[in-house]
Amino acid sequence: MGLTQWLLRDLLWLCAIGCVVGVSAFTIFLYALYTSQNTNIPKWRSKHTPAHLLVVLGSGGHTAEMFSMLRRMKLDPSRYAYRTYVVSSGDNFSATKAVEFETQYLNHVQKATATDRKPAESYTIVTVPRARRVHQSFLTAPFSTLRSFWACLLVLRGQNADQKRLPSSMVSSYPDAILTNGPATAVCIILAARLLRLYNFIQGLIPFKSLGGEDLAPAHYQLRTIFIESWARVTTLSLSGKILLPFADRFLVQWPGLEGKRAWKGMRKTEYVGMLVD
Numbered sequence: 001m002g003l004t005q006w007l008l009r010d011l012l013w014l015c016a017i018g019c020v021v022g023v024s025a026f027t028i029f030l031y032a033l034y035t036s037q038n039t040n041i042p043k044w045r046s047k048h049t050p051a052h053l054l055v056v057l058g059s060g061g062h063t064a065e066m067f068s069m070l071r072r073m074k075l076d077p078s079r080y081a082y083r084t085y086v087v088s089s090g091d092n093f094s095a096t097k098a099v100e101f102e103t104q105y106l107n108h109v110q111k112a113t114a115t116d117r118k119p120a121e122s123y124t125i126v127t128v129p130r131a132r133r134v135h136q137s138f139l140t141a142p143f144s145t146l147r148s149f150w151a152c153l154l155v156l157r158g159q160n161a162d163q164k165r166l167p168s169s170m171v172s173s174y175p176d177a178i179l180t181n182g183p184a185t186a187v188c189i190i191l192a193a194r195l196l197r198l199y200n201f202i203q204g205l206i207p208f209k210s211l212g213g214e215d216l217a218p219a220h221y222q223l224r225t226i227f228i229e230s231w232a233r234v235t236t237l238s239l240s241g242k243i244l245l246p247f248a249d250r251f252l253v254q255w256p257g258l259e260g261k262r263a264w265k266g267m268r269k270t271e272y273v274g275m276l277v278d
C-alpha cells in the first residue's frame with residue numbers, strides 16, 4: 001500500500017470519527033435542550049432563601065421598558081436580595097437608570113419593608129463589550145460577538161472585574177434568574193447560560209458548594225432565563241427573539257398575535273401575558 005493510500009485511509013478514519021463525535025455532541029445538545037424545557041424545576045430552595053437576579057439592559061427603549069416592567073411587577077428586594085445589571089460598553093444611559101432605580105425606587109421599598117441592607121451592598125453594574133456596534137462590518141462582527149460571549153460567561157460565573165464579592169447569603173456565584181427583553185447582549189447572556197448548564201448536564205448532577213462547604217443545588221437548577229419580547233413587537237418576533245426562542249426557559253409576549261409560537265414541534269411555546277409596561 002502506497003503512502004497516498006495510507007494518508008487517504010487515515011483521512012477517511014478521521015472524517016468518520018469526526019462525524020460520530022459531531023453527531024453525538026449534537027444529539028446530546030438537543031436532548032439536554034428538550035429535557036430542560038420540558039422538565040419542572042425541583043423546589044430545592046426554601047421559600048425565604050434570598051435569590052440573585054441578573055437583569056440585561058439594552059440602550060434607550062429597551063432599558064426604559066425594562067425598568068417600567070420592574071416597577072409594575074413591584075420587584076421585591078427582600079426576595080431578590082442581590083441584583084446584577086449587565087450593560088454594554090458605552091451605554092452610560094442604562095447604567096445611570098440602574099443607579100436611579102436602586103437608589104430611588106428600591107431604596108424606598110426597602111425602607112418600607114424595614115430591610116436593613118444598604119443599597120450599595122445589594123446590587124452591582126457590570127459592563128461587557130458590545131456584540132456588534134452600530135454600522136460595524138459583518139466581517140468583524142463574529143469576533144466582537146465572541147469577545148462579548150466570553151465576557152458574559154465570566155459574568156455568569158462571578159468572575160468579571162466589575163463584580164463585587166457576593167453576600168454570604170448567596171449560595172453560589174451563579175445568578176438564580178436572568179431577565180431580559182431583547183438587546184443583542186441578551187443573546188450572548190442566554191446562550192452562555194445554556195452552555196454552562198449543558199456542561200453541568202454532561203458532567204452529571206454536580207452540586208454547588210456554599211462558602212461553608214455544604215452541598216447545595218445542582219448547577220442547572222440555577223441560571224433560569226426569562227425573555228420578554230418588546231411591546232413594540234405585535235405580530236413578528238425580534239431578531240433576538242427568533243434566535244433565543246429555543247433557548248429561553250420562559251418566553252413571554254405582550255400581544256396575542258405572538259402567542260403559541262415555538263422553534264419546532266415539542267419545544268415550549270411563547271406565553272401571552274398581556275401588557276407588562278406602564
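FYI, the numbering for the sequence shown is 1 to 278, going by full-length UniProt numbering. Think of the CB as a built atom: it goes at the ideal place given N, C-alpha and C, for glycine as much as any other residue.
- In the assembly as shown, Phe138 is an exposed residue. Its beta-carbon has fewer than 16 other beta-carbons within 10 Å.
- Counting only residues of its own chain and dropping the five nearest sequence neighbours on each side, Gly60 has a CB closer than 8 Å to the CB of Phe93.
- By the criterion of a C-beta distance shorter than 6 Å, Arg224 is surrounded in its chain by Ala177, Asp249, once the five residues flanking it on both sides are discounted.
- DSSP lists Val128 as the beta-bridge partner residues of Ser88.
- Separation of Thr27 and Val21 (C-alpha to C-alpha, rounded to the nearest whole angstrom) is 10 Å.
- By the CB criterion at 8 Å, Tyr105 and Arg71 fall inside the cutoff.
- In the three-state reduction of the DSSP assignment, His52 falls in the strand class, which pools E and B.
- If you look at Val253, you'll find it in the beta strand (DSSP E) that goes 250-253.
- Pro129 sits buried, since 16 or more C-beta atoms from the chains shown fall within 10 Å of its C-beta.
- Pro142 counts as exposed, since fewer than 16 other C-beta atoms from the protein chains shown sit within 10 angstroms of its C-beta.
- Going by beta carbons, Asn160 and Val126 fall inside the 8 Å limit.
- When the beta-carbon positions are compared, Val273 and Leu179 stay at least 8 Å from each other.
- By alpha-carbon distance to Gly58, the top candidate from Ala184, Lys269, Asp10, Ser24 is Ala184.
- By the neighbour-count definition (other C-beta atoms within 10 Å, threshold 16), His48 is an exposed residue.
- Residue state for Arg83 is assigned as strand, using DSSP reduced to three classes.
- Around the beta-carbon of Arg197, 16 or more other beta-carbon atoms lie within 10 Å, marking it buried.
- Taking the Cα of Pro256 as reference, the smallest distance to any Cα among Trp150, Lys242, Thr96, Glu229 is reached at Glu229.
- Straight-line measurement puts the Cα of Ser144 at about 18 Å from the Cα of Gly182.
- Buried is the label assigned to Ser88, since at least 16 other Cβ atoms lie within 10 Å of its Cβ.
- Residue state for Glu229 is assigned as coil, using DSSP reduced to three classes.
- In this structure, the beta-carbon distance from Ala81 to Pro50 falls below 8 Å.
- Taking each of Arg157, Met170, Ile190 in turn and checking the Cα distance to Arg79, the smallest one comes out for Met170.
- Per DSSP, the continuous beta strand (DSSP E) segment holding Ala177 begins and ends at 177-180.
- Judged by their CB atoms, Leu156 and Pro175 are nearer to each other than the 8 Å cut-off.
- Across the structure, Ile226 and Leu252 are spaced so that their CA atoms are roughly 8 Å apart.
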